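Let me begin by presenting the structure, written as structure tokens, before commenting on it.
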Amino acid sequence: MTAGLSACQEDPTPQPESKGTIQGTVVDNLENPVEGVTVEISDVEGTVTTAADGTFKVENVAIDRHTIKFTKSGYLEASTSVSAAKFVDGVATVNVTLQIANAKISGRVLDAQAENTPLAGVLVSISETRNVTTGEDGTYLFEDLLIQDYTLTFTKQGYPTATKTIAPSDFVDGVAQIADFGMGASEILRGLTINELKNAEKWYYNAYRGGRNGDDYPHFDWSTDFMCTLHGFVGWWEEQNEGTTIQIRNRQEDGDWERPADDKMFDSYIYGSKQITADNKILTIKARTHAASAEAPCHWGVMVVDLSDPNPSAVLVGDKQTLASESYTDIDFDLSAYVGKEVVIAIGTFRMETGDYWKQLVLRRLAFGPESTRDWNWLAGTEITGLEGWHLTQEMVRSTMPIAQTSLTGVSEVGGNRDNYRDAYQSWKDAGHIGYWWSFMPVKKDPEPFPSEGFVIKTRHDASVDLTKPEAYFYAKYAIAAGADKLTLKARNFNSANPTYFGLVAITEDMTVTPVIPTFTPGEGVENYLGEAVGGQLFKFINEDGGQGNPEKYATFEYDLSAFDGKNVVLALGVVKGEDSGNEDKLCMYSITLN
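So in numbering that gives the first Met the number 0, spot 156 of the sequence shown is number 155, and the numbers just go up one at a time.
Rendered as structure tokens:
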């Protein structure tokens with residue numbers, strides 16, 4: 000018995016543990032060595048940091064399995080593992096690439112149940128492994144991020160969990176500063192509480208056109224229809240030949256087929272904030288459908304959220320709509336109940352069945368006017384004396400909302416063409432592009448949105464000479480005041496023999512029309528140039544130079560608007576056919592500033 004027990008006893012003398020070295024190099028995704036990376040090895044006390052050449056070495060490490068973590072501010076954390084088999088002659092070599100990640104997301108969480116006071120103790124997550132907790136001031140901060148899509152999840156006991164999506168376009172200079180987020184607030188529109196709606200994108204203008212096809216060209220065309228420059232899309236949407244299309248979320252692997260039918264809350268929609276007046280109280284939507292039939296139409300509608308209401312809610316305008324037509328239909332919505340208010344307007348689709356349910360609402364135009372706008376007509380309204388044929392109505396002048404964007408570019412940072420322009424148009428808002436911030440009017444001619452030198456508006460080559468009516472123009476409304484009454488345009492043309500004729504007019508809300516003549520400075524070093532006023536109404540010029548690499552060569556036009564200080568003024572900038580040149584006469588706009 001004693002002998003049997005003795006045979007099973009362990010050797011009381013411990014065997015020495017094998018030791019080795021873990022070493023390696025850390026580089027970034029540009030293959031540059033990274034100095035100062037903290038290297039932490041499991042089961043090893045302390046840490047080491049990488050040298051200037053990115054190398055590190057840890058000696059006297061047990062030859063066993065280890066997890067190694069690499070961290071440094073401005074980079075994504077990385078980790079790897081080594082096993083005993085990784086050690087060769089007592090050395091395990093581990094080389095790691097760190098992703099440069101110096102973007103940030105910051106914001107503040109408020110308690111919507113307690114008069115929007117800062118809310119501490121909210122767990123804010125961007126992934127299963129990245130989370131922070133709000134402090135006493137309700138703020139949170141994520142650092143060392145890539146610029147990409149994120150979903151923020153807000154969690155706190157006693158409050159419903161909420162989410163907020165972040166897109167790459169939300170990052171400005173590497174920082175996504177998120178609007179105050181209210182916990183405990185109920186959704187008014189799907190995914191949006193009152194706090195998000197207070198920061199809704201503004202619909203400054205009375206017409207937004209979408210789609211690629213040249214119906215009633217050039218009034219409707221890919222190069223003149225800028226609805227998809229807007230950012231207020233929630234859910235599924237797509238820019239199609241026929242229009243900007245609001246869809247139904249319908250991807251089985253994302254769980255969309257499990258969504259219940261809901262005829263009260265939009266599945267997908269576009270929304271924006273707009274001042275409603277007697278001049279734009281009728282919204283006419285030109286629409287058609289895909290994937291719909293008389294037996295199974297697309298169900299959709301228009302909702303309004305009046306944020307001045309003590310308890311804002313999404314109110315359906317008129318009846319819920321059904322549409323099953325591959326021909327365009329004009330549908331009117333009366334917004335008279337909201338005259339005198341700035342409200343949030345949403346246009347969206349309803350999921351009427353669970354399971355595989357697919358509908359598409361194609362929006363060709365949103366038109367706001369004093370009455371219905373039908374067919375392919377321009378906006379309904381009253382012509383302005385002296386601007387006959389411009390299609391700019393008195394109602395448009397009065398009800399266009401002033402913009403505050405005073406620095407504009409004509410250069411699209413993202414390129415495009417007829418077959419691929421959505422991403423470019425989507426970039427224009429954050430870039431301060433004139434195509435988003437001003438409204439384009441293709442009276443007779445389409446533009447060129449993507450030249451590297453700037454946005455080009457132009458005349459037809461075979462147009463008759465007409466010094467009173469522009470072939471194409473942009474307009475916007477500004478509150479002119481001291482410090483914001485000097486407009487500077489930098490532009491060029493593309494013809495050394497034939498000048499471009501163009502003009503700027505200022506239109507006050509009492510319909511006084513005033514041509515404004517600029518002072519002219521040719522581009523630096525440009526020898527062949529022309530610049531002179533024409534009849535006190537227009538300006539003609541030649542300056543066939545200027546580009547992103549030599550912006551000093553653009554001509555400079557300076558307009559003194561101080562006579563309009565204290566007034567809201569619509570500024571319209573357009574090209575006319577000044578001579579029978581046989582060419583397209585072009586105005587290439589590089590930048591506009593107001594200061």
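Every residue, glycine too, gets a C-beta built ideally from N, C-alpha and C.
None of these values were measured; they are calculated from a predicted model.
query	result
Quick check on DSSP: helix, strand or coil for Val304?	strand
Could you give the first and the last residue of the continuous alpha helix (DSSP H) run that contains Tyr424?	421-430
What span of residues does the alpha helix (DSSP H) with Val396 cover, start to end?	393-398
Would you kindly check if the distance between the Cβ of Glu387 and the Cβ of Cys587 is under 8 Å?	no
Quick check: what's the CA-CA separation for Ala478 versus Val455?	26 Å
For Val90, which residues from the same chain have a beta carbon less than 7 Å from its beta carbon, with the 5 sequence-adjacent residues on both sides left out?	Gly19, Thr20, Gln22
Since Asn194 is in the alpha helix (DSSP H), which residue starts that stretch and which ends it?	193-196
Name the two residues that bound the continuous beta strand (DSSP E) containing Tyr528.	528-533
Going along the chain, which residues of its own chain have a beta-carbon closer than 7 Å to the beta-carbon of Gly134, five neighbours each way excluded?	Ala119
Can you grab the Cα-Cα spacing for the pair Leu391 / Glu382, in whole Å?	7 Å
Thinking C-beta only, is Ala199 closer than 8 Å to Tyr268?	no
Which residue's Cα is closest to the Cα of Asn310: Thr348, Ala111, Asp42, Asn582?	Ala111
Provide the residue span of the beta strand (DSSP E) that contains Gly502, from first to last.	499-507
Per DSSP, Val47 forms a beta bridge with which residues?	Val38
Quick check: what's the CA-CA separation for Val339 versus Gly565?	Note that residue 339 corresponds to Gly in the displayed sequence, not to Val. If you take the alpha carbons of Gly339 and Gly565, they lie about 21 Å apart.
What did DSSP end up calling Ala562 once you bin it into helix, strand or coil?	helix
For Gly368, which option in Gly347, Asp355, Gln393 has the closest C-alpha, if you only look at C-alpha atoms?	Gln393
Let me confirm a value: Gly581 is counted as buried when at least 16 other C-beta atoms fall within 10 Å, else exposed. Which label applies?	exposed
Is DSSP giving Thr133 helix, strand or coil here?	coil
So Thr152 packs on Pro446, CB below 8 Å; how close in whole Å?	Actually they are not in contact, since the Cβ atoms of Thr152 and Pro446 sit about 43 Å apart, beyond 8 Å.
Jot down the residue ranges of each uninterrupted beta strand (DSSP E) in the stretch 229-302, minimum 3 residues, whole runs only, in chain order.	236-238, 243-246, 267-275, 281-289
Go to Gly181, then tell me how far its alpha helix (DSSP H) extends in each direction, as first and last residue.	Taken as a continuous stretch (DSSP letters only), Gly181 belongs to no alpha helix (DSSP H), being part of the beta strand (DSSP E) at 180-182.
Please report the distance separating the alpha-carbon of Ser312 from that of Thr518.	52 Å
Please classify Lys489: does DSSP put it in a helix, a strand, or coil?	strand
Assuming Tyr435 is part of the alpha helix (DSSP H), what are its boundary residues?	433-436
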